[in-house]
Amino acid sequence: PFSPAAKAKLDVNSSILRIGDQDASSMPFPTLLELLRRPAGEISRITVKMPTEPKPSDLALTHVQVLEKAVTHAILLKKHPGIGYIRLAQFTAGCAEEMEAALDDLEDQGMKQLILDLRGNPGGDLNATVKLLGFFLPAKTAVVTVRTRNPADWETLATPENQRRKRDYPITVLIDRMSASASELTAACLQDLKRATIVGETSFGKGSVQHIIPMENGTALRMTVATYHSPSGRTPHGVGVTPDIIIEPTSKTPGIFSPPDQNSLDNWQDAGLEASLKLFTESKK
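For the sequence shown, this note's numbering assigns the number 350 to the initial residue and increments by one for each residue that follows.
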């Protein structure tokens with residue numbers, strides 16, 4: 350969410366027309382990546398056509414070092430006592446440890462309700478996802494099944510047996526059209542088991558295990574070998590996860606989700622956040 354592209358409000362479906370003085374409209378993908386990979390601090394000047402804009406835009410993007418940080422926000426909302434907000438940007442191998450530390454800290458401060466924001470989260474490590482789900486579900490709960498063509502090879506993954514804390518407070522999970530893969534599994538699992546209320550847009554729809562086979566001329570074959578399924582047996586692949594509370598995107602909805610600085614969250618006018626707060630308020634009545 351804090352990448353140069355996100356800060357420039359570059360839409361996900363934008364087309365790169367030029368990189369510097371080179372025509373990129375029909376450039377092979379490996380060549381395009383090579384041109385865009387530059388040291389931190391250097392500037393790439395690109396021309397893009399965003400689907401929301403009538404004309405191409407010229408952008409100057411300053412390269413930054415990519416940090417594999419999963420939890421980008423973890424805070425108690427000052428105007429809403431007892432309500433915590435955690436933004437998980439990706440499911441890295443160490444995301445469960447980051448999440449547990451954030452939960453411990455907020456709980457020690459008095460958190461009684463949690464808003465878990467998975468908007469714009471592209472997914473990531475499956476084992477870390479299962480471990481993370483164990484923070485909110487009983488031990489040894491089946492949370493995902495990996496299905497191949499042969500049912501004899503199906504594998505069901507369950508939450509860890511050992512759990513440090515019992516967490517049974519209310520949760521809302523925010524998703525959008527760019528929440529994919531592990532994000533969708535997390536939302537679908539917590540929805541199936543009635544552990545959280547899902548708020549936002551229908552998610553991306555990627556629930557497959559794929560192998561990439563390199564080919565000649567820099568191309569590759571992407572082969573789907575399995576699909577992920579939630580406790581109810583459904584897969585998000587091709588259909589996404591439908592929220593319990595749907596928030597339709599508007600013309601002001603950014604293509605790339607980018608939350609404000611953590612200290613500005615209390616004054617953030619965001620439909621997903623507001624829907625979660627309303628839900629928590631009504632549940633107390």
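We put the beta carbon where it would ideally sit given N, CA and C, even for glycine.
query: Helix or strand or just coil, what does DSSP make of glutamate 623?
result: helix
query: Taking C-beta to C-beta, are alanine 445 and alanine 477 nearer than 8 Å?
result: yes
Unbroken beta strand (DSSP E) run spanning glutamine 462, endpoints: 462-466
- prompt: Could you give the C-beta distance for serine 579 and leucine 534, rounded to a whole number, given that I count them as a contact under 8 Å?
  reply: 7 Å
- prompt: Do you know whose CA, among Met399, Gln371, Pro377 and Lys404, lies nearest serine 393's CA?
  reply: Gln371
- prompt: Which residue comes first and which comes last in the beta strand (DSSP E) that contains aspartate 407?
  reply: 406-411
- request: Express the C-alpha separation of proline 608 and alanine 354 in angstroms, rounding to a whole number.
  value: 14 Å
Start-to-end residues for the alpha helix (DSSP H) that takes in glutamate 446: 444-457
message: Rounded to the nearest angstrom, what separates glycine 621 and phenylalanine 553 at their Cα positions?
response: 17 Å
message: Does the region 610-618 come into contact with the region 419-426, if we say contact requires no fewer than three beta-carbon pairs (one atom in each stretch) closer than 8 Å?
response: yes
query: Any idea what DSSP makes of glutamate 510, helix, strand or coil?
result: coil
Continuous beta strand (DSSP E) stretch holding leucine 493: start and end: Position check: residue 493 holds valine in this sequence, whereas leucine was assumed. That run of the beta strand (DSSP E) goes 491-496.
field: Best match in Ala442, Gly549, Gly556 and Pro519 for proximity to threonine 630 [C-alpha to C-alpha]
entry: Pro519
query: Is it true that the region 426-433 meets the region 401-413, where meeting means three or more beta-carbon pairs spaced less than 8 Å apart?
result: no
Residues bridged to lysine 651 [DSSP beta-bridge criterion]: There is simply no residue 651 to check, as the chain begins at 350 and stops at 634 in what is shown.
- request: For threonine 421, name the three-state secondary structure that DSSP assigns.
  value: strand
- request: Let me know if glutamate 391 comes out buried or exposed under the rule of 16 or more other beta-carbons within 10 Å of its beta-carbon.
  value: exposed
query: What residue range is occupied by the uninterrupted alpha helix (DSSP H) comprising valine 479?
result: 475-482
message: Suppose you measure from the CA of tyrosine 434 to the CA of methionine 564; what does that come to, to the nearest Å?
response: 44 Å
task: Pull up the distance between the alpha-carbon of leucine 463 and that of proline 487, whole angstroms please.
output: 18 Å
- request: On a CA-only basis, which of Val558, Ser625 and Gln512 is nearest valine 548? Give me that one, please.
  value: Ser625
- prompt: Just how far apart, CA to CA, sit aspartate 619 and serine 528?
  reply: 17 Å
- request: Compare the beta carbon distance of phenylalanine 606 and leucine 539 with 8 Å and say whether it is the shorter of the two.
  value: no
field: Limits of the unbroken beta strand (DSSP E) element including threonine 546
entry: 546-549
- prompt: Where does the unbroken beta strand (DSSP E) through leucine 523 begin, and where does it stop?
  reply: 520-524
query: Can you tell which of Leu385, Leu452, Thr591 and Met399 has its C-alpha closest to the C-alpha of arginine 513?
result: Leu452
query: Can the beta-carbon of lysine 555 be found less than 8 Å from the beta-carbon of glycine 473?
result: no
- prompt: CA-CA distance, aspartate 525 and proline 388?
  reply: 31 Å
Distance CB(threonine 551)-CB(aspartate 593) smaller than 8 Å: no
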